[in-house]
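According to the working numbering, the sequence shown holds residues 38 to 203 in order.
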Amino acid sequence: MRMGMGMRVMNAVVVIVVIIAVLFPVYLYNEGKNAFSNKRQYEMNWQLKLPSNFNELDQYNNQGGFHGDGISYTIFRTKGEYTSSILESTGGRKTIVAYSGDSLNENDRDIKLFTENITAQLGVAQENTPAFNEVYQWQEFNCENDRLVVLYFPDKNLVYFAEDLK
């Protein structure tokens with residue numbers, strides 16, 4: 038028995054609908070995952086441009102408030118090397134840059150204490166905290182009472198984000 042032309046068209050339409058029904062949710066899942074990644078959240082919240090070669094290793098937070106307030110700490114591995122600014126601000130946020138950590142410097146002590154306070158509150162294991170006795174660069178971003186400190190350790194290719202949202 039031969040299939041009519043209408044039957045073949047109907048089968049082709051059914052196959053196309055099934056393929057779309059399978060692929061569309063996969064597409065939506067991937068888009069949602071990218072839109073709400075920690076990397077994307079930092080870009081949106083702080084109006085920053087994070088390099089594409091930042092790969093998230095770990096993330097800690099206690100952000101349970103309705104307004105997204107709380108603290109967070111994220112570790113990224115990078116393949117790039119940054120000699121000037123680690124991150125680029127796209128929205129004119131206040132940026133402070135220093136090129137090597139020095140615990141005698143007042144600003145560096147404040148950055149160190151801020152980061153240690155965040156990691157202590159979140160119970161971050163010692164091996165996942167920055168080694169402030171090594172060479173590092175830092176940037177600080179402030180908006181109203183919110184604060185983000187970004188530490189870059191070029192010898193380890195690690196970038197640490199310590200954030201306090203009020």
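Heads up, the beta-carbon is just placed ideally off N, CA and C, and yes, glycines get one too.
Just so it is clear, the structure is predicted and the values come from calculations on it, not from any experiment.
Open item on the list: Looking at chain C, is there any beta carbon in it that lies within less than 8 Å of the beta carbon of Lys86?
Closed with: No chain C appears in this structure, which consists of one protein chain only.
Open item on the list: Using C-beta distances below 6 Å, list every residue in its chain close to Tyr197, excluding the 5 sequence neighbours before and after it, in chain order.
Closed with: Walking along the sequence shown from the start, residue 197 turns up at place 160. The answer, listed in chain order, is Ile112, Pro167, Leu188.
Task: Simplified DSSP assignment, three categories, for Asn92 - done: To locate residue 92, count along the sequence shown from 1; it is residue 55. Strand at Asn92.
Open item on the list: Under DSSP, the beta strand (DSSP E) around Glu177 begins and ends at which residues?
Closed with: Counted from its first residue, the sequence shown places residue 177 at position 140. Looking at the DSSP string, the run of the beta strand (DSSP E) that includes Glu177 is 174-180.
Task: beta strand (DSSP E) segment containing Glu200, residue limits - done: Within the sequence shown, the letter at position 163 stands for residue 200. Run containing Glu200: 195-202, per the beta strand (DSSP E) assignment.
Open item on the list: Can you tell me where the alpha helix (DSSP H) holding Asn82 begins and where it ends?
Closed with: Numbered from its first residue, the sequence shown carries residue 82 at position 45. From DSSP, the alpha helix (DSSP H) with Asn82 extends over 75-83.
- [ ] Quick one: residues in its chain with C-beta nearer than 6 Å to the C-beta of Tyr97, no 5 flanking neighbours on either side, listed in chain order?
- [x] Against the sequence shown, residue 97 aligns to sequence position 60. Excluding sequence neighbours, Tyr97 sits near Tyr110, Leu159, Val161.
Task: Euclidean distance between Cα positions of Leu85 and Ser74 - done: By one-based count along the sequence shown, residue 85 stands at place 48. By one-based count along the sequence shown, residue 74 stands at place 37. Spanning the two alpha carbons is a distance of roughly 14 Å.
Open item on the list: Can you look up Ile53 in the DSSP assignment and give me helix, strand or coil?
Closed with: In the sequence shown, the residue the question calls residue 53 occupies position 16. Reduced to three states, the DSSP call for Ile53 is helix.
TODO: Could you tell me the boundaries of the beta strand (DSSP E) in which Ile108 lies?
DONE: On the sequence shown, residue 108 is found 71 positions in, with the first residue counted as 1. Residues 107-114.
- [ ] Decide if Lys76 is buried, meaning its Cβ has at least 16 other Cβ atoms within 10 Å, or exposed.
- [x] Within the sequence shown, numbered from 1, the residue matching residue 76 stands at position 39. Looking at its Cβ environment, which holds 16 or more other Cβ atoms inside 10 Å, Lys76 is buried.
- [ ] Identify, in the order they occur along the chain, each residue of the same chain with its Cβ nearer than 6 Å to the Cβ of Leu185, setting aside the five sequence neighbours on each side.
- [x] Taking the sequence shown and counting its residues from 1, the one referred to as residue 185 is at position 148. Around Leu185: Trp83, Phe178, Glu200.
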